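The structure appears right after this line, and notes come after that.
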Amino acid sequence: MPDTANRSTLNDDGLLAQAFPPVAMFVIMIAAWQAVISAFAIPVYVLPSPGDIWLAIVNNPGPLFRHSGITLFEAVAGFVIGSMMGAVLGTLFAYSKFVARGLLPYVIAANTIPVVAVAPIIIIWFGHGLSSKVAVTAFLSFFPLALNMMKGLQSYDRTIMDVFHIAAATGPQRFFKMRLPNALPYVFVGLKLNVTFSVIGAIVAEFVQADKGLGFVIMTSYRTLNMPRLWAAMLMSALIGMAFFAIISMLERLIVPWHSSLHDNR
Numbered sequence: 002m003p004d005t006a007n008r009s010t011l012n013d014d015g016l017l018a019q020a021f022p023p024v025a026m027f028v029i030m031i032a033a034w035q036a037v038i039s040a041f042a043i044p045v046y047v048l049p050s051p052g053d054i055w056l057a058i059v060n061n062p063g064p065l066f067r068h069s070g071i072t073l074f075e076a077v078a079g080f081v082i083g084s085m086m087g088a089v090l091g092t093l094f095a096y097s098k099f100v101a102r103g104l105l106p107y108v109i110a111a112n113t114i115p116v117v118a119v120a121p122i123i124i125i126w127f128g129h130g131l132s133s134k135v136a137v138t139a140f141l142s143f144f145p146l147a148l149n150m151m152k153g154l155q156s157y158d159r160t161i162m163d164v165f166h167i168a169a170a171t172g173p174q175r176f177f178k179m180r181l182p183n184a185l186p187y188v189f190v191g192l193k194l195n196v197t198f199s200v201i202g203a204i205v206a207e208f209v210q211a212d213k214g215l216g217f218v219i220m221t222s223y224r225t226l227n228m229p230r231l232w233a234a235m236l237m238s239a240l241i242g243m244a245f246f247a248i249i250s251m252l253e254r255l256i257v258p259w260h261s262s263l264h265d266n267r
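The structure is reproduced here in structure tokens:
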């Protein structure tokens, strides 16, 4: 019983130790932000105070949350499609040297093109509706998973592979029971990167052409110098990305709890 109590206390301390630094830093940053604005009398159109941003959210929350929901849908849909594309490409690259050598340079080249240059082309191809925003998001978010999937599938223990050969395991058995489980830590690294890129892709696509979404709110607020509303939209986009990232991290802990990096971060 004492050991159980001690373990519970340690676990509670661990949770508190993880939660306290970001909360404390948030309070410090908000206080410093407000102090700088008060000390230097910075006008609201240059830098709004935390209170101004809060009022921009609570005084008219309906439209802001509605636009946030649109951006969230675009980000999630683009993330799913981009991740599926990345997983397929990464698997092809891992299993076929010909495909990897022939196609990977073009995939890398496409990924180096700024998304603001690609977005107008995709919008012309897919139209001005929701599908073009999802396509831009998928284009931006497939690359990290493709590379990490390839690396993960190639990074297996040769001794274990020999055991599978001796046991006359089929190709699907080797893939699902050995190579894919070994690749999962790499896959989750790619998924975490995809999360951030998917939110960025959705908002950039809305910058180019949209009449709804957080990117639209940011652009219209910039044109009218409504800085509290602009910062409120930025805050909502950050919260979407953080929540999305937290969900992927929780799935990682559930699916690959044995991986050493998860224990190192505790």
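Each number in this note's numbering comes from the position in the sequence shown (counting from 1) with 1 added on. Here a beta-carbon is modelled for each residue, glycine too, at the ideal position from N, C-alpha and C. In this text, all values refer to a predicted model and were calculated from it rather than measured experimentally.
For the region 147 to 217, list the alpha helix (DSSP H) runs that are entirely contained and at least 4 residues long, ordered along the chain. Correct list: 159 to 167, 172 to 175 and 181 to 209.
Ignore the nearest five residues each way along the sequence and tell me which others in A101's own chain have a CB closer than 6 angstroms to its CB. Here the set comprises F94.
Rounded to whole angstroms, what is the Cα-Cα separation between L48 and V108? Roughly 40 angstroms between the two C-alpha positions.
Among V77, P106 and I71, the one whose alpha carbon lies nearest that of F198: That would be V77, whose Cα lies nearest to the Cα of F198.
For the alpha helix (DSSP H) that contains A111, what are its first and last residues? Residues K98 to T113.
Report the option in V59, L131, M243 and P186 whose CA atom is closest to the CA atom of P23. Ranking V59, L131, M243 and P186 by CA distance to the CA of P23 puts M243 first.
Tell me the DSSP secondary structure of S50 in three-state form. The answer is coil: DSSP assigns S50 none of H, G, I, E or B.
Do you know how far the Cα of S133 is from the Cα of F74? When the Cα atoms are used, F74 and S133 turn out to be separated by approximately 13 angstroms.
Are the region 217 to 233 and the region 52 to 64 touching by the rule of at least three beta carbon pairs closer than 8 angstroms? With a cut-off of 8 angstroms, the region 52 to 64 and the region 217 to 233 count as touching, because enough Cβ pairs lie within range.
Ordered list of alpha helix (DSSP H) runs contained in the region 61 to 96, each at least 4 residues: You should have 62 to 96.
If you measure between the beta carbons of L65 and A211, is that distance less than 8 angstroms? Taking a C-beta distance under 8 angstroms as the contact criterion, L65 and A211 do not qualify as a contact pair.
Rounded to whole angstroms, how far is the Cβ of F143 from the Cβ of G83, which I believe are closer than 8 angstroms? That belief holds up - the Cβ atoms of F143 and G83 are roughly 4 angstroms apart, short of 8 angstroms.
Please determine, among P186, M235, N112 and N183, the residue with the shortest C-alpha to C-alpha distance to T138. Ranking the options by Cα distance to T138, first place goes to N112.
Measuring CA to CA, which of A136, N61 and P145 is closest to V89? Comparing Cα positions, the closest option is P145.
Do the region 28 to 44 and the region 209 to 225 make contact, defined as three or more Cβ pairs closer than 8 angstroms? The region 28 to 44, when compared against the region 209 to 225, does not touch it at the 8 angstroms Cβ threshold.
Run through DSSP, which three-state label would P258 get? In the structure shown, P258 sits in coil (DSSP, three-state: anything other than H, G, I, E or B).
When the Cα atoms are used, what is the spatial distance from P51 to R67? Straight-line Cα distance between these residues: approximately 22 angstroms.
With A118 as the anchor, note down where its alpha helix (DSSP H) starts and where it stops. Annotation for A118: the continuous alpha helix (DSSP H) segment containing it runs V116 to F127.
Can you say whether M150 is buried or exposed, counting buried as having 16 or more other CB atoms within 10 angstroms of its CB? Buried: at least 16 other Cβ atoms inside 10 Å.
Taking all protein chains shown into account, do 16 or more other C-beta atoms lie within 10 angstroms of the C-beta of T171, making it buried, or fewer, making it exposed? Its Cβ having fewer than 16 others within 10 Å, T171 is exposed.
Taking E207 and T72 to be in contact with their CB atoms under 8 angstroms, please state how far apart those CB atoms are, rounded to whole angstroms. Indeed they touch by this definition, with Cβ atoms about 7 angstroms apart.
Does DSSP put L236 in a helix, in a strand, or in coil? L236 falls in the helix class under three-state DSSP.
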